[in-house]
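Asker:
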Amino acid sequence: MQLPLDIASITNTWSQLMALMLDVNVTSSLATINWDNLNSSVNGKLFQYPPFARACFKDAEGVVGAYDANACAFAQAHYSDGQYRDTIPSSYQGLQWETCPSTGESCLLDWMNPLNEAAFDYPKTCQQGSIPAYFLEVQSASDVQDAFKFSVETGVDLVVKNTGHEFQGRSARPGSLALWTKNLQKIAYEPAWIPTGCEDIAPRTAVRLEPGITFNDLYAFGEANNITLPGGSTPSVSATGGYVLGGGHGGLSNTAGLGADRALEFTVVVPTGDVLIANACQNQDLFFALRGGGGGTFGVVMETVTLALPRTPIQVVTLDGLSADVNTTRAFWKVLVDNSLDWANAGWGGYAAATSLQYINPLPITEEEAQTSMEPLTNFAAQLGLTVIHEQYESFAVFYQQILEPLYAISGFPLSTSSRLLPAQNFETPESREELLDALLNASANHSLTYVFATTPYAYKADNLTSVTPAWRDSLLLIEVLDTLEYNTTASEQREVIEGLSKSMDFLRNITPTSGTYFSESDLYEPDHENSFWGANYEKLVEIKLKYDPLHVLDCWHCVGWKGRNDQAFSCYP
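For the sequence shown, the residue numbers in our numbering are 3 to 576.
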């Protein structure tokens, strides 16, 4: 079933838009821009939207909306509800991007206690922060084309905004126009899909979906159609969008690959104005770039075709209730480090922290085989009087609905993160494992939370048509260290937190000099970000960027071809 996107009817061609680009009269002041003209061209889909907590503030400056006690109570009740937040254009799951950290402009509640009046009572004032000045609800490719044309004519910055899960603020920018794609929500099952324009290729089972589909939607759809659609753990994250474009990891990635690996085709509007289909047979360079080169960079994806896998049972092991003291954490992580290579080769993947673990295996093994494989973990737990729980779920979607969805439904708090991929070579000898364990403990010390993600595609055979850093392929773990912020954390305090995280991550960087990290969940001050995110693929990505976005209409923090932090577009960054 083909979703209704009539490319042939689109009249803004590459040559027409390039002719326009050569006669640009950039306007520097938002106040002088005729937004009504854009609104007319997109048939009334342009709008402003107040900050999420606007209704709680009696004093406001430069924002739409008004104080409303009832609306405030509703916002307070849903402040950490990720699935509600992703329906709100001005909402960001990382709350610091609803603010302008460098100036302190904000309109936040206290995420620890949304009823705390100190956050919103006088003299607190609600301000726009980094929330875009206008939003355009994207309903068609022509809406995106009109926005590109508008940006070229006026100089107004564009950002691409979907569900707002973005650690680096790439979908927020003061004074910008946001292309809001959340309401593109078509999804279709393709039991015998063949790439557009390809010949002599065997059909594959796939799903065609638009960017507004979240993992919550995707997993339910897969279950209804007796297929497995691997993805991430947070219900309100878009199943395509920045997740796939940045790489995309999850509990099944070890055997099923990254989200970028499973992307089979894109329909994308590029800044030159063309609507293109990118797959292994046409526009292969763009296909390569979209499979891991990062969101908000090469165009606006209107539709993605992703590989579907058979619905199969999964084995799950869970360990919870560990003490957070450093000795217990060291002993626990030693078990992980000592066994990660064997577990990855056996098909296991999943999630761990300092006090818990949940690993998944989709391979056709029995519960007894799973127990044997996980015996080192079981023995460790028994020494502490704890029990490893072994369970079989009839599908990944059932496991997600019963276990993961409730755990990861909470969202909407300010945080900073730093991360690193850990190559298999660091796990090969007793000496290298001990060195890795020391570095891991040092990196995590004095921070709010550390995730140990066994979500790398180590056991997956990739097609080499993705642009993520090759470090993903030979790594066993992705480590993420996080610190939460407060609603009133200052810019200098944020810088201190970010610098502290980055300094801590140096313990792991120093012993993994040829590795990298995940574009979408990285250090805001990631050193040598081009190499960390893309490795040897970066130069090729820059060439592709210049081909499809020669005037740099799209730009974002640490993205391919980034202009640098001194550009006015990034003035709010701490």
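Cβ atoms here follow ideal geometry from the backbone N, Cα and C, with glycine treated the same way.
I need the DSSP call for residue 334, collapsed to helix, strand or coil.
Answerer: Counting from one through the sequence shown, the residue named residue 334 turns up at place 332. Correct three-state label for residue 334: helix.
Asker: Does the stretch 513–520 touch the stretch 528–537, meaning 3 or more C-beta pairs lie closer than 8 Å?
Answerer: Yes, the stretch 528–537 is in contact with the stretch 513–520.
Asker: Please identify the residue among 263, 303, 109 whose C-alpha is closest to the C-alpha of residue 63.
Answerer: In the sequence shown, counting from the first residue as 1, residue 63 sits at position 61. For residue 63, the nearest C-alpha among the options comes from 109.
Asker: Taking the straight line between their C-alpha atoms, what separation do you get for residue 261 and residue 309?
Answerer: For the purposes of this step, residue 261 is identified with residue 259 of the sequence shown, where counting begins at 1. For the purposes of this step, residue 309 is identified with residue 307 of the sequence shown, where counting begins at 1. About 9 Å.
Asker: Less than 8 Å between the C-beta atoms of residue 543 and residue 295, yes or no?
Answerer: Translated into positions along the sequence shown, residue 543 becomes position 541. Translated into positions along the sequence shown, residue 295 becomes position 293. It is a contact, given that the beta carbons lie within the stated cut-off.
Asker: In angstroms with no decimal places, state the Cα-to-Cα distance between residue 574 and residue 499.
Answerer: As a position in the sequence shown, residue 574 is number 572, starting the count at 1. As a position in the sequence shown, residue 499 is number 497, starting the count at 1. Each residue's Cα considered, the two are about 16 Å apart.
Asker: State the start and end residues of the unbroken beta strand (DSSP E) segment that holds residue 408.
Answerer: Residue mapping note: residue 408 aligns to position 406 of the sequence shown, counting from 1. Run containing residue 408: none in the beta strand (DSSP E); it sits in the alpha helix (DSSP H), 407–410.
Asker: Thinking just about the alpha-carbon of each residue, which of 166, 148, 450 is nearest to the one in residue 89?
Answerer: Translated into positions along the sequence shown, residue 89 becomes position 87. Of 166, 148, 450, the residue nearest in Cα terms is 166.
Asker: From residue 20 to residue 274, what distance separates their C-alpha atoms?
Answerer: For the purposes of this step, residue 20 is taken as the residue at position 18 of the sequence shown. For the purposes of this step, residue 274 is taken as the residue at position 272 of the sequence shown. Note on residue 20: pLDDT 36, under 50, position unreliable in the model; no value is reported.
Asker: Going by DSSP, what residue range makes up the alpha helix (DSSP H) through residue 532?
Answerer: Walking along the sequence shown from the start, residue 532 turns up at place 530. Element bounds for residue 532: 531–536.
Asker: Tell whether a beta-carbon distance below 8 Å holds between residue 183 and residue 234.
Answerer: As a first step, residue 183 must be located in the sequence shown, where it is residue number 181. As a first step, residue 234 must be located in the sequence shown, where it is residue number 232. For residue 183 and residue 234, no; Cβs fall outside 8 Å.
Asker: According to DSSP, simplified to helix, strand and coil, what is residue 425?
Answerer: Position 423 of the sequence shown holds residue 425. Strand, per DSSP.
Asker: Enumerated in chain order, which unbroken segments of the beta strand (DSSP E) with a length of 3 residues or greater are wholly contained in the stretch 446–516?
Answerer: Taking only runs of at least 3 residues, the beta strand (DSSP E) segments lying wholly in the stretch 446–516 are 451–456, 477–486.
Asker: Mind checking residue 148: buried by the 16 CB within 10 Å criterion, or exposed?
Answerer: Reading the sequence shown from its first residue, position 146 is the one you call residue 148. When all chains shown are included, residue 148 counts as buried.
Asker: Exposed or buried, what is residue 152 when buried is set at 16 or more other beta-carbons lying within 10 Å of its beta-carbon?
Answerer: Position 150 of the sequence shown, counting from 1, holds the residue named residue 152. Flag for residue 152 reads buried.
Asker: From the DSSP output, in three-state form, read off residue 635 for me.
Answerer: The structure shown does not extend to residue 635, since the chain spans only 3 to 576, so no value can be given for it.
Asker: The beta strand (DSSP E) spanning residue 280 covers which residue range?
Answerer: Here residue 280 refers to the residue found at position 278 of the sequence shown. That run of the beta strand (DSSP E) goes 277–280.
Asker: For residue 425, which of 402, 194, 143, 456 has the nearest alpha-carbon?
Answerer: Translated into positions along the sequence shown, residue 425 becomes position 423. For the residues 402, 194, 143, 456, the minimum Cα distance to residue 425 belongs to 456.
Asker: Does the contact criterion of 3 or more C-beta pairs under 8 Å hold for the stretch 85–105 versus the stretch 50–63?
Answerer: With a cut-off of 8 Å, the stretch 50–63 and the stretch 85–105 count as touching, because enough Cβ pairs lie within range.
Asker: Which first and last residues belong to the alpha helix (DSSP H) in which residue 113 is found?
Answerer: Here residue 113 corresponds to residue number 111 of the sequence shown, with the count starting at 1. Unbroken run through residue 113: none, as it is neither H nor E.
Asker: Rounded to whole angstroms, what's the CA-CA distance from residue 24 to residue 486? Just pull it up for me.
Answerer: Reading the sequence shown from its first residue, position 22 is the one you call residue 24. Reading the sequence shown from its first residue, position 484 is the one you call residue 486. With a pLDDT of 34 at residue 24, under the threshold of 50, the modelled position of that residue is not reliable, and the figure given next carries that caveat. Rounded to the nearest angstrom, the two C-alpha atoms are 46 Å apart.
Asker: Please classify residue 32: does DSSP put it in a helix, a strand, or coil?
Answerer: Counting from one through the sequence shown, the residue named residue 32 turns up at place 30. It is helical.
Asker: Give the secondary structure of residue 316 by DSSP, where H, G and I count as helix, E and B as strand, and everything else as coil.
Answerer: One-based indexing of the sequence shown puts residue 316 at position 314. Of the three classes helix, strand and coil, the one that applies to residue 316 here is strand, per DSSP.
Asker: Hey, is the stretch 378–393 in contact with the stretch 458–469, meaning 3+ C-beta pairs nearer than 8 Å?
Answerer: Contact between the stretch 378–393 and the stretch 458–469 is absent, because fewer than three Cβ pairs lie under 8 Å.
Asker: Cα separation between residue 507 and residue 420?
Answerer: Stepping through the sequence shown from its first residue, residue 507 is reached at position 505. Stepping through the sequence shown from its first residue, residue 420 is reached at position 418. In a straight line, the C-alpha of residue 507 is about 7 Å away from that of residue 420.
Asker: For residue 179 versus residue 138, is the C-beta distance shorter than 8 Å?
Answerer: Position 177 of the sequence shown, counted from the first residue, corresponds to residue 179. Position 136 of the sequence shown, counted from the first residue, corresponds to residue 138. The answer is yes: Cβ separation under 8 Å.
Asker: Flag this pair as yes or no: are the beta carbons of residue 513 and residue 438 separated by less than 8 Å?
Answerer: Residue numbering aside, residue 513 sits at position 511 when the sequence shown is read from its first letter. Residue numbering aside, residue 438 sits at position 436 when the sequence shown is read from its first letter. Yes, Cβ-Cβ distance for residue 513 and residue 438 is below 8 Å.
Asker: Which whole-angstrom value describes the C-beta separation of residue 305 and residue 407, a residue pair presumed to lie in contact below a C-beta threshold of 8 Å?
Answerer: The residue you call residue 305 lines up with position 303 of the sequence shown. The residue you call residue 407 lines up with position 405 of the sequence shown. Residue 305 to residue 407, Cβ: 25 Å. No contact.
Asker: How far does the beta strand (DSSP E) with residue 354 in it extend, from its first residue to its last?
Answerer: What you label residue 354 is simply residue 352 of the sequence shown in a count that begins at 1. Residue 354 -> beta strand (DSSP E) spans 351–354.
Asker: Note down the Cα distance separating residue 255 from residue 381, rounded to an integer number of angstroms.
Answerer: Residue mapping note: residue 255 aligns to position 253 of the sequence shown, counting from 1. Residue mapping note: residue 381 aligns to position 379 of the sequence shown, counting from 1. Approximately 27 Å, taken between the alpha carbons.
Asker: In this structure, what does DSSP give as the bridge partners for residue 195?
Answerer: Indexing the sequence shown from 1 puts residue 195 at position 193. Bridge partners of residue 195: 206.
Asker: Do you know offhand how far residue 104's Cα is from residue 555's?
Answerer: Stepping through the sequence shown from its first residue, residue 104 is reached at position 102. Stepping through the sequence shown from its first residue, residue 555 is reached at position 553. Residue 104 and residue 555: Cα-Cα distance of roughly 24 Å.
Asker: For residue 37, name the three-state secondary structure that DSSP assigns.
Answerer: Translated into the one-based positions of the sequence shown, residue 37 becomes position 35. In this structure, residue 37 counts as helix in the three-state DSSP scheme.
Asker: Check for me: the alpha helix (DSSP H) holding residue 363 runs from which residue to which?
Answerer: As a first step, residue 363 is located in the sequence shown; it is residue number 361 there, counting from the start. Residue 363 -> not in any alpha helix (DSSP H); beta strand (DSSP E) instead, spanning 359–363.
Asker: In whole angstroms, give me the CA-to-CA distance for residue 75 and residue 414.
Answerer: If you number the sequence shown from 1, residue 75 lands on position 73. If you number the sequence shown from 1, residue 414 lands on position 412. In a straight line, the C-alpha of residue 75 is about 16 Å away from that of residue 414.
Asker: How is the alpha helix (DSSP H) around residue 546 delimited, first residue to last?
Answerer: Your numbering for residue 546 matches position 544 in the sequence shown. Residue 546 -> alpha helix (DSSP H) spans 540–550.
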